[in-house]
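Numbering (the numbering used here), first residue to last: 88 to 189.
Written below as structure tokens is the structure these notes are about.
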């Protein structure tokens with residue numbers, strides 16, 4: 088995924104907010120589930136459980152934030168940016184059981 092694709096997926100306003108969250112370190116311990124979904128706690132006004140996955144070639148997200156009725160939210164964008172940052176730095180994510188995350 089390239090950054091312009093991510094901005095197109097989220098829209099420029101949500102992308103900028105998610106980027107600010109990512110840059111300020113609001114994404115805690117991003118991990119990957121056995122089926123390839125990205126998950127993390129993302130801090131905002133509260134701590135939100137956030138998940139991003141690819142379904143049929145398209146990104147989808149779930150978050151416990153109030154905005155989740157209209158995905159993607161800034162927390163999902165922050166999680167994806169954290170993941171891309173890990174890849175660019177040749178770091179690896181931990182695999183985690185989703186039951187632990189809930």
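Glycine included, C-beta positions come from ideal geometry on N, C-alpha and C.
- Under a 10 Å Cβ-count criterion, residue 114 is classified as buried, with 16 or more other Cβ atoms of the shown protein chains found around its own Cβ.
- Partner residues in the beta bridge of residue 137, as assigned by DSSP, are 127, 150.
- Secondary structure of residue 121 (DSSP, three-state): coil.
- By the neighbour-count criterion, in which 16 or more other beta carbons inside 10 Å mark a residue as buried, residue 139 falls on the buried side.
- Short of 7 Å from the beta carbon of residue 166, and not among the five residues preceding or following it, lie these beta carbons of its own chain, in chain order: 114, 117, 125, 127, 129, 137, 139.
- Straight through space, the alpha carbons of residue 102 and residue 94 are spaced by roughly 5 Å.
- Residue pairing by DSSP places residue 114 opposite 129 in a beta bridge.
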